[in-house]
Structures are given as structure tokens and as C-alpha cells.
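Student: Numbers 51 to 452, taken from our numbering, label the letters of the sequence shown in order.
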Amino acid sequence: MVASLRGPRRLLLATFLVTSLFLILALRHREYILGPPAPVEPDAFAPSSGETAEPGGLGLEGQEYDYGHDQSLELETSGQELGKPEPEPAPVPEPELELEQEQEKGEQPEQEYGSEPEEPSPSPSPEPKPDVELELVVASVKAENTSWIPALLPDWQTNIYVADDPGAPLTVPENKGREAMVYLTYIIDRYDSLPQNALFIHASRFAWHNDDPDYDALPTLRSFRLQHLQTEGYVNLRCVWVIGCPAEIRPVQDEALADGAEKVLAKHVYKQAFEELLPGVAVPEIVAVSCCSQFGVTRETIRGRPKEDYIRYREWLLATPLDDALNGRVFEFAWHIIFGKEAVHCPSAAECYCNVFGLCDIPCPDDSSCTGRYILPPYSTLPKGWPLVGWDQASRNFSGPL
């Protein structure tokens, strides 16, 4: 029996010795059996000694935390799996090329983290509108031909109102009050954008009231002296006294004569209209100015009154029961007062022609007129064919442009 037990014991002992030897070899030479262990790398986002961890980085679920809008650093989870080679990094574009690409997309290049933000360049200020020296304001109706103005004064800035055409580029609320409605509408609409100077005229080039030997408006416009207007603030385009000076209206006396008059004239209604238009202003004893509502005014003179005054004048014109022959003529003899002149505004013809038109060497027998400048025509309508044909149908030596 003893012999029978020795065989299994020896086998067990041998097995134990072989297993122990294998384990010893395995512990000493594990690199050859299992391969080298992976090195332990430090956490790139972990705080080093002495630092405090900031919120941000990758969360436990691989979610991205926001570092804040003022930092350009962004963390992204890696999609690499164990055992797979790392993909080659994308090529980094050259800084200049990257900037050009961003500018082509219309984007601003991302600011480098930690750098001072650049001050945005101020947007350019809008260019101021040019300060226009002179504009022409023309009162017209559809039947009148105004083509002479752009043809012969091409460099002038012109505002041609057509009072009886609601569809015209420039028109008025109502065709009432003759040129007064046009003038007031221009002043109201342009009060905040007025030129330095404005000339207010009628539409017809040749008209009986134009202060010129040929009754031609063109020479008076071309020779008008802006410097004198700047000095005076208001200047009439007519120097001759006939019709208007030296004493056209006596408001109080003329009102008293209205009941016995065969026809009511502007002088008969002037006092009441004056009191309604200029409340608080004493009614003058005499009103005089050379006719006929064509004049120059500076921006400062117009703005000497608030815009509300001109709005009120136009409302009066729209509401008055007076017809055009009366309401328009009331303004004809009120403009100079509205613009700051005395009620009697009748400079001598010699002074006027010299200062307004530069005609300083013409003979003037008296204060009312100068030789060869203006003769009151026999009719208010010029003959057909004027200025080449005169009153007796005889040819005239007209040398101006047509």
C-alpha cells in the first residue's frame, strides 16, 4: 500500500513544482508574455499643483461645457476608439489665407484668446447735404409755358409749381390765391431745408409787369445781385414805382369807402385781412410797395417767423371767402411787411436799379423811374409775336435769346 501511494504524491509534487516555476518566470518576464504596459499620461485639463479647477471641460457624459462667450477655447469629445490609430490632424491653414477666407465670407476673424478686443471702427458720418445758394420758385398753371427756364437757366435749381394740376410733381392744396398759395406752400414744405436765397417769380418770361424794356424776366434774373439780397433780406424784383408806390393803400380810409364803391377792390378789404393775418400788429396808415409779387428772400428772413405763421397764412387763404382778385392782392401788398420791411417800402428807382441789377449809370429824372427802363404798356396782355413784334405789329429790334 505504501508503494501504491508514492506514485500519486510524486506526480502532485512535480505538478506543484512546475506551476511554481512557471509563475516565477511569469512575474519576472511579464513583458514577454503580456506585452509592455501602457504609460500613464497626465490629464491635460486637470489643474496642476496649487491651481483650482474651473468649471468647464468635459462632463461625465461627454457633454461640452461652455467656457463663456469671451473665450475662444472650445473642448470637444474625441471619437477615437481604443486600438484604432489616431486620424491625421487636418492641415492648419496659413494665417493670412485663413483671414482672407473669413473676409470673403463676410465674417470677422475670431479674436485670439487673451488679447485685447479691438475698438470697432466708427461708421462714416452721412455726408451733409450741400447748402444751396439759390433756388427759383415758380408759380404756374398748365396753360403757361415754363420751358424757357431750364433751357436758358440750366444751372439754376428750379421749383416749378403747377397750381391747377393735382398730379404735378409740385402742386398746391388748392388752386386759390394765385401765386400766394404757391409761395406759402414752398415755404412750409421747405422750411427746414431752405436754400440760402430764394427768388419767387411768375411763370411767363414775357409779362407786362417785368421791369425790363422788353418786359423780359430773363435779364432781371441773370443780373440779380445776391450780395444785395444778403444785405437786405428781402428785395423786390421791380424798381419802377408805377403801380404800388408811393401810397397804394390807405387801409382805414379805403375800408370806409367800400360801401359806396362800384366794385370791391383789394384796398377795401385790406384792413380786415391785415388784422386777421397779423393780429397784434398795428394797421399801418399807408401801405406801399412796387407790384407785382416777384421778389427775393433770404433763408434767415423767412425763418425770422416761425413755420406756424406761414401755415396760418395758408389756412387763412384756404378759408377766406374773398376771391383770387382780392386775396392774392392782399398778399401782394403784405409780403414786404411779413418779411420785416416797413409798410411803405419804396426805395428810389436809381438806388434800386443800381443795387439790385447793377445798373448804376442810367439817368433817372426822379425817384419813381429811370430813362429807358420801363414804360407801363397800354394793355396787360402783350401783343402776339412779342418780343419780335410790337404793339403796332411793326418789327422790333429784339436781340435776346429765344
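Backbone N, C-alpha and C define an ideal beta-carbon position, used for all residues, glycine too.
So the candidates are V212, E185, H318 and E229; which of them puts its Cα closest to the Cα of A193?
Tutor: V212
Student: Give the list of continuous alpha helix (DSSP H) stretches no shorter than 4 residues that lie fully inside the region 249 to 317.
Tutor: 267 to 272, 276 to 282 and 301 to 306
Student: State whether the region 350 to 366 contacts the region 389 to 396, with contact taken as three or more CB pairs (one from each stretch) at a distance under 8 Å.
Tutor: yes
Student: Check Y211 in the structure and name its three-state DSSP category.
Tutor: Reduced to three states, the DSSP call for Y211 is strand.
Student: Between which two residues does the beta strand (DSSP E) carrying E185 extend?
Tutor: L184 to S190
Student: Decide if Y429 is buried, meaning its Cβ has at least 16 other Cβ atoms within 10 Å, or exposed.
Tutor: Around the C-beta of Y429, fewer than 16 other C-beta atoms lie within 10 Å, and the residue is accordingly described as exposed.
Student: Return the residue from the list A311, D215 and F345 that minimises the CA-CA distance to G283.
Tutor: F345
Student: Is N286 near S340, with beta carbons less than 7 Å apart?
Tutor: Yes, the pair counts as a contact, with Cβ atoms nearer than the cut-off.
Student: Do the region 212 to 227 and the region 303 to 316 make contact, defined as three or more Cβ pairs closer than 8 Å?
Tutor: no
Student: For Y265, which residues from the same chain have a beta carbon less than 8 Å from its beta carbon, with the 5 sequence-adjacent residues on both sides left out?
Tutor: F256, A257, W258, H259, P427, L432, W436 and P437
Student: Apply the 10 Å Cβ neighbour rule to K313 and answer buried if 16 or more other Cβ atoms are within range, or exposed otherwise.
Tutor: exposed
Student: So F345 is in the beta strand (DSSP E); what residue range does that whole segment cover?
Tutor: F345 to T348
Student: So which of L249, L327, V380 and L452 has the shortest CA-CA distance to A338?
Tutor: V380
Student: If you drop the 5 nearest sequence neighbours on each side, which residues of the same chain put their C-beta closer than 6 Å to that of P296?
Tutor: A338 and C396
Student: Using DSSP's beta-bridge definition, name the partner residues of V339.
Tutor: H395
Student: Taking the beta carbon of E382 as the centre, do at least 16 other beta carbons fall within 10 Å, making it buried, or is it exposed?
Tutor: buried
Student: Which first and last residues belong to the alpha helix (DSSP H) in which R364 is found?
Tutor: K357 to A369
Student: Short of 8 Å in beta carbon distance, which residues of its chain neighbour W198, apart from the five on each side in sequence? Order them along the chain.
Tutor: So the list reads R255 and L268, once near-sequence residues are dropped.
Student: For E325, collect the residues of the same chain with a Cβ closer than 7 Å to its Cβ; drop the 5 residues on either side in sequence, then sort them by chain order.
Tutor: Non-local beta-carbon contacts of E325 in its own chain, meaning distances under 7 Å to residues more than five positions away in sequence, involve V333 in chain order.
Student: Counting only the same chain and skipping the five closest in sequence on each side, list residues whose C-beta sits under 8 Å from that of D181.
Tutor: Non-local C-beta neighbours of D181 in its own chain, meaning closer than 8 Å and more than five positions away in sequence, comprise P245 and Q246, ordered along the chain.
Student: For C402 and R272, what's the separation of their Cα atoms in angstroms?
Tutor: 16 Å
Student: Can you tell me which of the three DSSP states V380 falls into?
Tutor: helix
Student: Drop a sphere of 10 angstroms on the beta-carbon of P141, count the other beta-carbons inside from all chains shown, and report buried for 16 or more, exposed for fewer.
Tutor: Low confidence applies to P141: its pLDDT is 48, below 50, so where it sits in the model is not reliable, and the reading given next is rough at best. Looking at its Cβ environment, which holds fewer than 16 other Cβ atoms inside 10 Å, P141 is exposed.
Student: In terms of DSSP beta bridges, what is V439 paired with?
Tutor: S445
Student: Give a yes or no on whether the C-beta atoms belonging to V406 and A248 are separated by under 7 Å.
Tutor: No, the Cβ-Cβ distance between V406 and A248 is not below 7 Å.
Student: So what does N247 bridge to, in DSSP terms?
Tutor: L184 and T348
Student: Check the C-beta distance from L368 over to P223 and give it rounded, since I have them as a contact under 8 Å.
Tutor: 7 Å
Student: Going straight from the alpha carbon of K434 to that of W441, what length do you get?
Tutor: 9 Å
Student: Secondary structure at D242, three-state DSSP: helix, strand or coil?
Tutor: helix
Student: Would you check if the distance between the CB atom of C289 and the CB atom of D262 is smaller than 7 Å?
Tutor: no
Student: Under 8 Å by Cβ, that's how I've got Y236 and V191 pegged, so tell me the actual separation to the nearest angstrom.
Tutor: Rounded, the Cβ-Cβ distance is 16 Å, inconsistent with contact.
Student: Assuming the contact rule is C-beta atoms closer than 8 Å, R300 and E335 should be a hit. Round their C-beta distance to whole Å, please.
Tutor: 7 Å
Student: Between S419 and the rest of its own chain, which residues show a CB-CB distance below 6 Å, the 5 nearest in sequence each way excluded?
Tutor: V290 and A399
Student: So, for P143: in the same chain, excluding its five sequence neighbours on each side, which residues have a beta-carbon less than 7 Å away from its beta-carbon?
Tutor: Caution is warranted here: a pLDDT of 45 is assigned to P143, below 50, making its placement in the model unreliable, and no coordinate value can be reported.
Student: Measuring only the C-alpha atoms, how far is Y462 from L234?
Tutor: Because the chain spans 51 through 452 in this model, residue 462 falls outside it and cannot be assessed.
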